[in-house]
Structures are given as C-alpha cells and as structure tokens.
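*Asks:* Next up is a structure, given as structure tokens.
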Amino acid sequence: MTPFSLILENVRHDLRASDGKLAIMTQAALIFFLLTLSLSSASVQQYLAKNLLQMLGSDLVIEQHGTLTAEQEAKIRAAAPKVSKTELVGITLTHGPNWERVQLKQVDDAYPLQGTLMVGSSPAAEKTPAAKGPGIGEIWLGPRLATKLEASVGDQISLAGTAHTVTAILFHEPDRIMEGHSVAYRAMIKAGSAAPDAFDTSGRRQRFLIEADTEARTSLEAWTKENLPAATLIKKQGGRHPLAGFWKRTENFLGLASVILFFMAAVAMDMTNRRWLVQMRYRLSLYSSFGISSSTVLTMAGLQWFIGFMLSLGVAGIFTVAAHYFIVGELQAFFPGIEGGWSGDAVAKTVMLTFGLLLALQVPALIQLKRASILDLIRSAPEGAYTWLRLLWGLIAVSGLAAAYSDNLLLTGLMLGAIGMALVLMIFLTWATVAVGDKWGAGRAGFVPFAFFFMRQRLFAKSAQVLGLGLCALLLLFTLMLMRDLSGMMESYARHHDGNLLVSEAQSDQMADIEAWAKKTGSDFKQLRPFVSAKLIRVNELALADYMKKPSDTLSTLKRPIRLSWSEQMPTNNTLSGGTWWPSDTRDWQQISTEPEVMTDLGLSYGDTLTYQINGRSYSFTLVASHSYKPGGGSITFWFQVPTAARAQIEADTRFMGSMELPETAWSELAALWQQHPTLSLVSLRELTERLDNMLGLVIKLTSGYAAMVLLLAMFVLIASSKGFEADDQRKNGLLMSMGLKRGDCLKLSTYDWAITAIIAATGAVAGTWIAGQLMYEAQFGLAYKPDPLWIGGTIGLMVMAVCGVGVLTCMRSLTTSVRDLLAT
Amino acid sequence: MQDKIELRKISHHFDTTAEQIILFRDLALEIKTGEIISIVGPSGAGKSSLLSIAAGLEKPANGSVHFNIDGSEVDELALRANSGFIFQQFHLMPELDALSNLALPLRLKGNRNAFNIAAAWLEKVGLQDRAKHRPHQLSGGEQQRIAIARAFVSEPRFIFADEPTGNLDMKTSENVAGLMFDFARDSGCGLVIVTHSMRLAMLADKSLQLSDRKLEAIK
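Going line by line, the protein sequences match chains C and Y.
Taking the working numbering, I'd label the letters of the first sequence as residues 1 to 825.
Taking the working numbering, I'd label the letters of the second sequence as residues 1 to 219.
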C-alpha cells in the first residue's frame, strides 16, 4: 500500500461526488473542442503540404494578373530550361440553352511540365493519361461542367465566335494546386485556339510553370521580387501552399472562439475548484497531522489533479475521434481527398497547451494548498484575499491565451476590454445593490430585507457567484447575438440587392451591346460604376508582404487585384467616416479614400502613401479620407476610390460593375449575349442567393456546433454555481429552521437570494454586451449595432428564470434533509 | 537518550485592529516521551496556541523552542514526522469508512500492512464491527475513539490533543480519555492534552494551568 494507491482512491472518491464529475466534464469538453480543432487543422495542413509536393506541376510557379511584357517573358524563358505558359480566364460557356461560369485554362505545347493529365471519354469513363493538352479547335471539359452543360465528347461549343469540339473530359490537371479551394467549373483549350483579344478581362491571369535547378530558382525568385511586385511565386521546396495563409486565418478565428469557450470553462472550473480546494485543504491538513511533509502532500495534490486531467483527456479523446472524422467528411467539399488521422504533433501541442493553461488556472489553488496546515484543523483560516488572487490569475491566464491565439489584436483587445468593463460594473452593482438593500432593510420586517442581510454577510462569495454567472451570461448573450446578426446581415445582403442581375464585370466595348440587349429585352440598369483593376503593392514605399505580416481577411483580399473606382462626389450609397473628401473639381489626382475597416486592418493613417500596380505601371496615392457603406442608392460600393481626375492619368481599360432588373422573358435571351461576349460576367440574383445559401448552410452548421459548446459550458457554470453554494445554503437553512422558520419560508428566502443574484448578473451581462456591441460591431463586423430590446429582454428573462429555477431546485433538495442533518453541516 | 521538546522563555500575542492581545509571557516548559502533561485554563488564555507552539505548528513571538529526537536537535518538520494529533472535531475523512480512516497514516507512509494493523487497532478500541461504517454513521464517542487510534497507529514520539473530549458527554469522555492514557503509557510516547476538564487534567502525570499569562503546576 503506497501513497499512490491512496491518490487513486481519492480520485475515485472525488469522481463519485458531483463536483468531481463536473470538473472532469468541463475539462473534457474544453479538451474535446481544442483537440478536434487541432486534429482537423492538422489534416488540412497535411493535405496542403502533400498537395504542394504532388500537385504544383513544376519546381516553381510565377503567376501574374494581367499579362507580362515580351522582355519579362523572355527573361523567364532564358533563366530556366523548361517553361510552360498557361493563361486562366473566367468566362461563361454556353451549350444550347445551358450556360455556366467557367475557369478556362489556355495551355501551350510544353504543358504539362511535371505530372500527368488525366482524361476520359465521358464523366463516368475510366481515366487515361494524356501526354499533352488539347489541340487547336478542341476543348476539354471538367466532368461536372460536362454534366451541367449536357455536353458530350463530339459536341460543338462556340467560344468567342469560334467553334470548338469537345474531345475529352478533363479529370485531372497536375498544376491543380494553384486553383486552391476553388470549386469552379473547369475547361481547357490550346493557347491561340481563340482570338487573342477574346478573353480580355480584369480577372485574366498568366501562369508560368518552371522547371529549374536551385541556382536558377533563386535567381528567378530575386528577379520576380524586384521586377514583378504584383506577381505570386510558389516553389515546391521550402514554399507555402497558396491556401496556407487562408487556413491559418481561419484557425486564428476559431482560436478566438476557443478563447471564449476557455473563459467559460475557467469560470465553471473556478466554481468547482472553490469546493475542491476546501476539501483538499482539509485532506492535506490531516495528512500533515500524520507527520507527512508538505512537499509530499503537495505532490499528492498535483498528482491527483494530473490523473483528473488524464481522465478528461481520455473522455475527450473518444469524442474527438468521432467529431474529427465527421468534420473531415464535411471538409471534403473544400479539400477533395482530405483524410482524417491522428497527427502526433498536433495532439501533443494541443495537449501540452491545454495542460499548461489548466495548470495555470490551478496555480492559485496550489499556492493555497501549500499553506494548508494542521492549524486549519484547530482554527479555521479565512479565504478572502485568495479569492481575488484566484480571479485575477484566471483573468491573466485567459487573456494571455487570447493574445497568443488571435490574429486580430484589436478585436481581442476590444473583447477583453468589454469583459473587463462588465466585470468592474458587476462588482460595483453587487456591492451597491447589497449595501443599499441592506440599509433599506435595516429595521424592516420580511424576507426581502432578510435576504439582503444574508447577502451582505456573504458578500465575497456572492460577488464571485455574480461575476461567474454574469461573465457566462455575457459571453453567451454576445455569441448568440453576433451569430444572429451576422447571419441576418449576410441574408439581407443577398435579399436586398437591387435588381435581379449583378453585372459583375463588363468591358467598355461590351457596354454598347449590353445596352442594346437591355433595350431589346426590356431590362433596366439600376446602377453602373466604372473601375480599373489595380493591385496594392506598397504602403509607404514598403512592399505589402513586408508591411503586413499577420494574416487577415483584408490582406487576403489585397493579395489579388482589387477594383479601383473614381468619383467626383461622395457616391450616394457612401458616407464620409473620416478625413476630407476631395472637392469635385480637384486637379490633385493622387488622393484616395478607403473603407475604415481596411484602415484598421492595415493600420493605415491619413497621409499614408498607397502604391498600386495598374496594367504594369505603378501609381501612388495619398490617403485623405475614409468612406463607409450606407443603405439606399444601390448596393455596389468600392474599398478604394480616387478623384475622377485620376482616370486621365491611368493607362488601363475601363470596366464596369452594376446591376440590372430583367423581366422574366429576358432570362432565356442571356445565352445569346454570352455567346457574343463569353468574358462578360453576369450573376443572377437567384444564383447569388443559391451560393449564399450554400455558404450560410455551412456557417449555420459551424455556428450551431459552436453555440452547442457554449450552451454546454454555460450549463456547467450554472450547475457549478448552484452546487458551490449548496453547503452555505444548507447551513443557513438549518439555522433558520432551528429558529422556527418553516420550509416554505426558507424556499422563499432562497428564491429572493437567487433572483437578486440573477438580476445583478443579467444586468451586468446586458451592459457588457452593449459595450461589446458598441465597440465591435461597427469596427470589426461592419454591422450597425441596433440591439433588439425584445430579444435581449427575452433572453435575459430566460436566463434569470433558469438561474432561479436551478437555485430553487437545489434549495428544495437541501430542505428535504432533516434539521439535525442541516445543523450538523 | 529521551526525546524531548523544550520551550524557553516563550511569549506570544495576537493583533486585532484595535489592540494587541498578549496571551502569555516568558513561559518555560519541557515535554518528554513517556510523560503525560495536561494544560487547563479559561477560554482565550492561549492553551491552543501553546499546544501549536509546542507541536512546531506556530512560532512564538519571543523565546525559543528546541526539539530533540534520538539525541540530536531537529527542526519542526522532523518533529512533525514523529507526531500525532487528536482534535476536538475528530476530523475523520467523511468519504472513508472507519477502517480506511485508521489505515490512512500508515498508507501515507507506504506501509503495506496498513489495513491489518488498522484492523488490530480497531479491535483495541472495540469498534471491529464498525469497520465498514462511515463517520456520519458513527456516534461522537466512536468517531473520537477512531481518531485516537489513528493518532497512535503510526507510533509517534509525541501526541498533541486539543480538547479531545470537548464534544463528548462525561461518560464517553472518561471512556475516551482512558483509552488515550492507556495507549500513551503502553507506547511510551509523550502526550500533551489541552482541556477544560479538570477531572481529565488530573489523570495526567503533570497538570499545568495557563491563566493570567502564566503557566503554573497544579499537580
């Protein structure tokens, strides 16, 4: 018989008690969430890494929006022994009455450079390798596209006025990696098979697949950085997958979400810890009285906690396996061929992180245990100062985690700031309410004054209870509200689009035909705005990649060319957010206005210089104003706008973006317009809505899973809170009953106590949510914060009822024991 | 050489927000193995503090305390490894049955025969038929008998008892005190009892009274 077997026995005893179960469940829920997240992320990372090795199709890829000059192309060809040039363009393919937006790849004779093309004679046919791409006058269609267009091998498809014959179904391209997570329909033709200017669109990309030795790769890399600042370069060895940044950002966002969960788990654990601590102090004091050294008893406490952690890990592991394979299944739509599995590194990293964090939360308890002494058995020691130490330490640990996890320091700072303010408010409210209530109740008879009197006696414990419940309610309320409002915004964006056809991109020379078509079919233009395609390459003379190293949504968008529009006056659907908009007849063309969200994400200030590459040339603008979207007057708005005077200085084709209202009869006429102009990008509202519904479906799945986790932890907090004060209530009730009060009276008193607690916590939570909403909605999510009083009131009402319900139930249970038992506690 | 605890010219006090309350001044006391000492005195005189100082749990405000075990002076940690305690509130582990409570100190010290030794002690205190009972299923007297056996089971050199019969009726008190004194004499350990009961105090080899900040022998 050794102390270790005693530790195991203690663990078994603790697990039989509800506190022990609750602590293990809370830990397990948290580990489950973080482990599932890490494993799924690791699967994606592994998929991306494997993808990079197997599917780059060359040693090096240089991709540029627009076209390279003849000298630039010659330089690339001279630097490497093998080069294949491909061009990608988004067009609309039509076959009979069917049409579909397609990513068309034009390939040369050198394609494919590395890897194999796989083709077949029908979407269901066996895949066979092809040494080269299609010939002149031939087109290969992706299997999904062939099905969608109802086209088979041998059919004719008209492409910019030239007939192409479908000669194969294209299953696999070896340079597929560059398509990233795009699920766009794909087609392939030979370069030169259509007229050279047939595919002139701002989305056109040139891609050079290069096979070269290390030296040539290094020299090309340096040359690209200097001469093609807008180009993207990906290398097989030591390179990063184009999607790695996107995924990292997604992980960071999920990281912030897990911080909120960790906060809630910390609250639940702090509440259970309170009783665990009392029990452990007692246990360890007794062990000391048997002559055991304090280091041994502390080791025993640490080991006992460790066993609990391992147990939570085991429980979480089982659920993680199921959840991981489910998520990997869902991710197949984005990452075809992704596989689930145990990544030792990811598991070890997450387990160590969770272990460290949970241990950090345990530190104040261990300090207190270190001070456990036989004296505690002779006279009881006060807890007071340690409560604050525990709360403060927990807050520091979780804030540290938040800062480490999040890529958006502003968002994290705002969230933590709102939580901090809400906590201060709740402390103040608790103390003020109890003090005022007690003063009011002095000299008055009845249960309410008595409830205030008791609360004042237990002010410390009461404050901790209010803070725990209030923080939990705040996080729950804010998460639910944000999810509701974000989904609502996404939906309203789609549903309130003016017109039923979005002109996503039209070239100047296509406009006359579109206008004629609109007149013929009775369609109306609702809005039309000009733009040029521009890529932000430098901020204050610093390359964008060097200026902004942390991944963000804004940066991800700015890695691709954006649309730069011009306007003399502030557009009717925009409002000035800051700075000064230029006078309408200004000659100073080098001024620019951007949206506040872009300014925040990039850390821009007025007076900064933004340099864009437009059609191969650089143009610099000084940031003078910021504009934001305001409803009414059309939904099309641009991130960046310059004065009209700038247009004359920029050498690039003007393109248009707008919206149209089509009568029902005009839809069938669209195919004719596309046959004439395949690059014309039109998106029907129906299609837009469908895309959005698909995305919303995924968002709803994700948020529902997340909300379920938040609710689960909220439930743990509630149970922990009511259980935590059960002993106090039992003692109080015993005392009251010994003084002649009836059980019903005790129940009434307990209800008042819980109701006051719940109302203070709910008030703090609403105030905290309001602060968080004010701070974050506008700045971080582009949402106007308009709290719905009914919704908030209803949610708060439910929370107060839930808290009171659980509290009263606990009280009823404690009242079923006899007065003798109550007094004995 | 006999093990002993020496308290030399010790003084102690505690501070409240308003004043300093002096418990005792310049006390001297020697506690040896094989000797039973009782300390009596009014509430608030500082009996429990004196016991805590003697047991090395607290340091006196002034004066010095010396612990001698096996012929050499040791620190309070070494003393504690050779001490046992009996409390007024019994302090049995509520989740353990009587036998497990008794076996606890032995198990903590890695004794493989813990349960057999505990069973023998349970028989000594006449509770062998209560082995599987939890503390809440036992009377106060039964709980204290187990607590006493638990203090002696690991054969300590000194045992400190703080109001061991304070929660018991007179008959049970006598029964419990008898056991405690018998075990102490059989084992040859030093026993220090703090009590309000003059009857119990007079059963000791040496009785001391703590009052008016002074310690005086009454037996």
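Glycine residues also receive a C-beta, built at the ideal position from the N, C-alpha and C atoms.
Could you spell out where the beta strand (DSSP E) holding residue 641 of chain C opens and where it closes?
*Replies:* Residue 641 of chain C -> beta strand (DSSP E) spans 640-642.
*Asks:* How would you write the range of the beta strand (DSSP E) that residue 505 of chain C sits in, first residue to last?
*Replies:* First-last of the beta strand (DSSP E) with residue 505 of chain C: 501-507.
*Asks:* Count the other C-beta atoms from every protein chain shown that fall within 10 angstroms of the C-beta of residue 57 of chain Y, then say buried if there are 16 or more, exposed otherwise.
*Replies:* Per the 10 Å Cβ criterion, buried.
*Asks:* What are the start and end residues of the beta strand (DSSP E) that includes residue 84 of chain Y?
*Replies:* Run containing residue 84 of chain Y: 83-86, per the beta strand (DSSP E) assignment.
*Asks:* Quick one: Cα of residue 178 of chain C to Cα of residue 128 of chain C, how far?
*Replies:* The predicted model places residue 178 of chain C with a pLDDT of 49, which falls under 50 and marks its position as unreliable, so this point remains unresolved.
*Asks:* Check whether the Cβ atoms of residue 452 of chain C and residue 470 of chain C sit closer than 7 Å, and answer yes or no.
*Replies:* Against a cut-off of 7 Å, the Cβ pair of residue 470 of chain C and residue 452 of chain C comes out as no contact.
*Asks:* Which residues in the same chain have their Cβ closer than 6 Å to the Cβ of residue 36 of chain C, if we skip the five residues on either side of it in sequence?
*Replies:* The residues are 320, 323 and 324.
*Asks:* For residue 113 of chain Y, which three-state DSSP category applies?
*Replies:* DSSP places residue 113 of chain Y in coil when its eight states are reduced to three.
*Asks:* When you compare the region 295-303 of chain C with the region 3-13 of chain C, are there three or more beta-carbon pairs, one atom per stretch, that lie closer than 8 Å?
*Replies:* Enough Cβ pairs lie closer than 8 Å, so yes.
*Asks:* Which residue marks the beginning of the beta strand (DSSP E) containing residue 9 of chain Y, and which one marks its end?
*Replies:* Looking at the DSSP string, the run of the beta strand (DSSP E) that includes residue 9 of chain Y is 4-15.
*Asks:* For chain C, find out if any of its Cβ atoms is closer than 7 Å to the Cβ of residue 43 of chain Y; answer yes or no.
*Replies:* Closer than 7 Å: no.
*Asks:* May I have a chain-ordered list of the alpha helix (DSSP H) segments no shorter than 4 residues that lie completely inside the region 173-215 of chain Y?
*Replies:* Complete alpha helix (DSSP H) runs here, min 4: 198-201.
*Asks:* May I have the straight-line CA-CA distance separating residue 223 of chain C from residue 201 of chain C, to the nearest angstrom?
*Replies:* Those two C-alpha atoms are separated by around 27 Å.
*Asks:* Using the Cα positions of residue 9 of chain Y and residue 138 of chain Y, report the straight-line distance between them to the nearest angstrom.
*Replies:* Whole-angstrom Cα-Cα distance: 43 Å.
*Asks:* List the residues of chain C whose Cβ lies closer than 7 Å to the Cβ of residue 95 of chain Y, in chain order.
*Replies:* The contacting residues are 13.
*Asks:* Sorted by chain position, which residues of the same chain lie with C-beta nearer than 7 Å to residue 189 of chain Y's C-beta, five sequence neighbours on each side aside?
*Replies:* Closer than 7 Å at the Cβ level, and outside the excluded window around residue 189 of chain Y, lie 33, 156, 157, 158 and 159.
*Asks:* Is there a C-beta anywhere in chain Y that falls below 7 Å from the one on residue 4 of chain C?
*Replies:* By this cut-off, residue 4 of chain C is not an interface position.
*Asks:* Taking DSSP's pairing of strands, which residues face residue 530 of chain C in a bridge?
*Replies:* Per DSSP, C:656.
*Asks:* At which residues does the beta strand (DSSP E) containing residue 172 of chain C begin and terminate?
*Replies:* Segment 162-172, the beta strand (DSSP E) holding residue 172 of chain C.
*Asks:* Below 8 Å, can you find three or more Cβ-Cβ pairs linking the region 652-661 of chain C to the region 502-518 of chain C?
*Replies:* Verdict: yes, contact present.
*Asks:* Taking C-beta pairs closer than 7 Å, name the residues in chain C that residue 85 of chain Y reaches, listed in chain order.
*Replies:* Under the 7 Å cutoff, chain C gives 289 and 374.
*Asks:* Listed in chain order, which residues of the region 195-213 of chain Y have Cβ atoms closer than 7 Å to some Cβ of chain C?
*Replies:* Here the close residues number zero.
*Asks:* Keeping to the same chain, check which residues put their C-beta closer than 6 Å to that of residue 330 of chain C; ignore five residues upstream and five downstream.
*Replies:* Cβ neighbours of residue 330 of chain C beyond the five flanking positions: none.
*Asks:* Looking at residue 565 of chain C and residue 864 of chain C, is the spacing between their C-beta atoms short of 7 Å?
*Replies:* Look at the range of chain C in this structure, 1 to 825, and you will see that residue 864 of chain C is not part of it.
*Asks:* For residue 209 of chain C versus residue 84 of chain C, is the C-beta spacing smaller than 7 Å?
*Replies:* Yes, these two residues count as a Cβ contact at 7 Å.
*Asks:* For residue 102 of chain C, write down the residues that DSSP places opposite it in a beta bridge.
*Replies:* Looking at the DSSP assignment, residue 102 of chain C forms a beta bridge with C:91 and C:185.
*Asks:* Taking three-plus beta-carbon pairs below 8 Å as touching, is the region 6-23 of chain Y in contact with the region 49-66 of chain Y?
*Replies:* Touching, yes, given that three or more Cβ pairs across the two stretches are closer than 8 Å.
*Asks:* What residues in the region 59-92 of chain Y have a beta carbon less than 8 Å from any beta carbon of chain C?
*Replies:* Taking 8 Å as the Cβ-Cβ cut-off against chain C, the residues of the region 59-92 of chain Y that qualify are 77, 80, 81, 82, 83, 84, 85, 87, 89 and 91.
*Asks:* Do you know offhand how far residue 574 of chain C's Cα is from residue 338 of chain C's?
*Replies:* If you take the alpha carbons of residue 574 of chain C and residue 338 of chain C, they lie about 43 Å apart.
*Asks:* Sort Y:207, Y:86 and Y:213 by Cα distance to residue 219 of chain Y and report the nearest one.
*Replies:* If we check each option's Cα against that of residue 219 of chain Y, Y:207 comes out closest.
*Asks:* State the Cα-Cα distance for the pair residue 646 of chain C and residue 590 of chain C, rounded to the nearest angstrom.
*Replies:* Spanning the two alpha carbons is a distance of roughly 7 Å.
*Asks:* Quick one: give me the first and last residue of the alpha helix (DSSP H) that residue 769 of chain C is part of.
*Replies:* Its alpha helix (DSSP H) spans residues 743-776.
*Asks:* Suppose you measure from the CA of residue 202 of chain Y to the CA of residue 456 of chain C; what does that come to, to the nearest Å?
*Replies:* Answer to the nearest angstrom: the Cα atoms are 46 Å apart.
*Asks:* Can you give me the C-alpha to C-alpha distance between residue 649 of chain C and residue 531 of chain C, rounded to a whole angstrom?
*Replies:* Distance between the alpha carbons of residue 649 of chain C and residue 531 of chain C: 14 Å.
*Asks:* Check whether the Cβ atoms of residue 369 of chain C and residue 280 of chain C lie closer than 7 Å to each other.
*Replies:* For residue 369 of chain C and residue 280 of chain C, yes; Cβs fall inside 7 Å.
*Asks:* Just checking, does the region 212-232 of chain C make contact with the region 59-75 of chain C on the three C-beta pairs under 8 Å criterion?
*Replies:* Verdict: yes, contact present.
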